[in-house]
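Protein chains in written order, with this note's numbering: chain Z, 1 to 181; chain U, 182 to 564.
Quick reminder that beta carbons are idealized off the backbone N, C-alpha and C, glycines included.
Note sheet for the following structure.
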């Protein structure tokens, strides 16, 4: 068993990197559920392990990504995927591009998710509306019950990401509606 | 992978979010010389953001706090297993001690050992039609002995025979709350006082009144149950399961809470139902199903075969992964599952007769999957 302080530290790491690690794993295993399972398993193992974690933030992050990478690759091996694309070649150390791509996805998705989650629920909704329905800041402010300046600040922070996030969301919504009605 | 890779990814992320400082930009430019694949990310920012935007939907409905709880529960449970393990060492130690004392005796008996082990495996039999009825005063009646029984609870009398309990003749008595509990490895059928038929699967429970009074018919379920609701438009039939409520008029549907942690799967085979969870509710047409929990309801096309197979005596799985299949098999044969390695998330489709021996079921699963599935004592072992 770990002392409470270490447990709290691990919880913080989880909050900080959970989505980043799941996204990273996804680029290797290409399955949403498996990626979540792998990262959850990784954290259970970290909690169980007796040895102390690296103290330095950078080293910690590297340690987490490496653990998830190894577990993900192990998973692929277990799956007996014979496709050469998934095995040695792509994820070997020789070619850095796939790892770099996965890391970029992981970092950006994690940051964007945090930014959006930090917006108040009602404003998340209103911000979506402003982009789908083209409502003005003033209308959004009124709907939100906050000042125009608040809307502007919040929007500035999430402008780009929301716009890009909404395109696919909107498309998938349309597909969903068409398939049901 | 090293810290430089991570640093490069951090900088590209900051750049894409428009938060990069000029000093960091310089650092990024020098890293781009080292890693040329970064170039395409930086050069077409629009395309990069769009690619990333497509990945965001995977995380739209997740609840990190809940996932942490799952991790924590698994970690918290571990020490107990270790303790159990320690106990086993005590048992093993005492066996060794006995062996030393009675060595010759042990030697004599050894030839009989494999036979005993084979016998242990044989003891695993398919489930039976058994259940326990809990009466209003808390007393229990064991059901499923084939012989017809008469059960008395106050002024109430009812008949039980073999695999079925019948309340349809119960009229004009004070309603009593009864509970029907089906253990691991069992199934049971009940007819309620309004004529509604309910099939309960292994490891499930139904709480119901002996007669329905008032303007609704309300029961509670845990586990998996199939309902054929008797038509009575003036008295809607309501099933409470976890935080989900299913309302039916004249309908047949299946409810299952065994599948996913904390969620309820409902499949409608006939008629119409309304599924509510939290503040939300959805009306479902036959052939559709819902997955509900924590105030969230997802509607989708469902496989009716899945809802009906178990009550007709089949294991049926359509796009279930091996873990889910094994869990269902384990519930029916009342055994444990020992998964030695992480199972691939491959989905399987098929059916197995529930009256088969567990050895036959393991053989089928070994053929069907990339794993070796066998039964060792009271455990299904997956290698």
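Partner residues in the beta bridge of residue 519 of chain U, as assigned by DSSP, are U:562. Under DSSP, residue 333 of chain U shares a beta bridge with U:338.
Residue pairing for residue 370 of chain U: DSSP places it in a beta bridge opposite U:345 and U:380.
Between residue 344 of chain U and residue 397 of chain U, the CB-CB gap reaches or exceeds 9 Å.
Contacts between residue 503 of chain U and chain Z, judged by CB atoms closer than 8 Å, are missing: the closest CB pair is about 12 Å apart. For residue 35 of chain Z, the three-state secondary structure derived from DSSP is helix. Around the Cβ of residue 435 of chain U, a 10 Å sphere holds 16 or more other Cβ atoms; the residue is buried.
In the pairwise beta carbon analysis, the region 350 to 359 of chain U is classified as touching the region 378 to 396 of chain U: at least three pairs are separated by under 8 Å. Counting only runs of 4 or more residues that sit fully inside the region 452 to 483 of chain U, no alpha helix (DSSP H) segment turns up. Excluding five sequence positions before and after residue 45 of chain Z, the CB atoms of its chain that fall closer than 8 Å to its own CB belong to 67, given in chain order.
Using a Cβ distance threshold of 9 Å, residue 444 of chain U and residue 438 of chain U count as a contacting pair. Per the coordinates, the alpha-carbon of residue 546 of chain U lies some 6 Å from the alpha-carbon of residue 554 of chain U. A check of alpha carbon separations from residue 381 of chain U across U:453, U:239 and U:513 identifies U:513 as the nearest.
Listed along chain U, no residue sits closer than 8 Å to residue 25 of chain Z by beta-carbon distance, the nearest being about 11 Å off. Contact fails between the region 471 to 479 of chain U and the region 504 to 512 of chain U, because fewer than three Cβ pairs, one in each stretch, are under 8 Å apart. Using a CB distance below 7 Å, the part of the region 240 to 253 of chain U facing chain Z consists of 240, 245, 248, 249, 251 and 252, ordered along the chain. The beta carbon of residue 251 of chain U sits closer than 6 Å to none of the beta carbons in its chain outside the five residues before and after it. Within chain U, 233 and 236 have C-beta atoms less than 7 Å from the C-beta of residue 105 of chain Z, given in sequence order. In the structure shown, residue 243 of chain U adopts coil according to DSSP, grouped into three states. Among the CB atoms of chain U, one or more fall inside 9 Å of the CB of residue 34 of chain Z.
When CB distances to chain U are screened at a threshold of 8 Å, the residues of the region 9 to 23 of chain Z falling below it are 11, 14, 15, 18, 19, 22 and 23, in chain order.
Closest in C-alpha terms to residue 189 of chain U, from the list U:219, U:330 and U:333, comes U:219.
Against chain U, the CB of residue 53 of chain Z has no partner CB under 9 Å away; the residue lies outside that interface.
For residue 182 of chain U, the nearest CB of chain Z lies under 9 Å from its own CB, placing it at the interface with that chain. When the alpha-carbon of residue 20 of chain Z is set against those of Z:42, Z:139 and Z:108, the nearest one is in Z:108. Its chain contains 137, 138 and 141 as the residues whose beta carbon lies nearer than 7 Å to that of residue 148 of chain Z, once the 5 sequence neighbours on both sides are disregarded; these appear in chain order.
At least one CB atom of chain Z sits nearer than 9 Å to the CB of residue 198 of chain U. Between the region 48 to 63 of chain Z and the region 27 to 39 of chain Z, the count of Cβ pairs shorter than 8 Å is below three; the stretches do not touch. Here residue 407 of chain U is bridged, per DSSP, to U:380 and U:435. Nearest Cα to residue 370 of chain U within the set U:341, U:352, U:206 and U:233: U:341. Within chain U, 182 and 187 have C-beta atoms less than 8 Å from the C-beta of residue 65 of chain Z, given in sequence order. Counting every other CB atom within 10 Å of its CB across the protein chains shown gives residue 515 of chain U a total of 16 or more, marking it as buried. Taking residue 376 of chain U as the centre and dropping the five residues before and after it, the same chain places the C-beta of 349 and 411 closer than 6 Å to its C-beta, in chain order.
CA-to-CA, the gap between residue 15 of chain Z and residue 244 of chain U works out to about 11 Å. For residue 313 of chain U, the enclosing beta strand (DSSP E) has its first and last residue at 312 to 315. DSSP, reduced to helix, strand and coil, places residue 198 of chain U outside both helices and strands of the structure shown, so it counts as coil.
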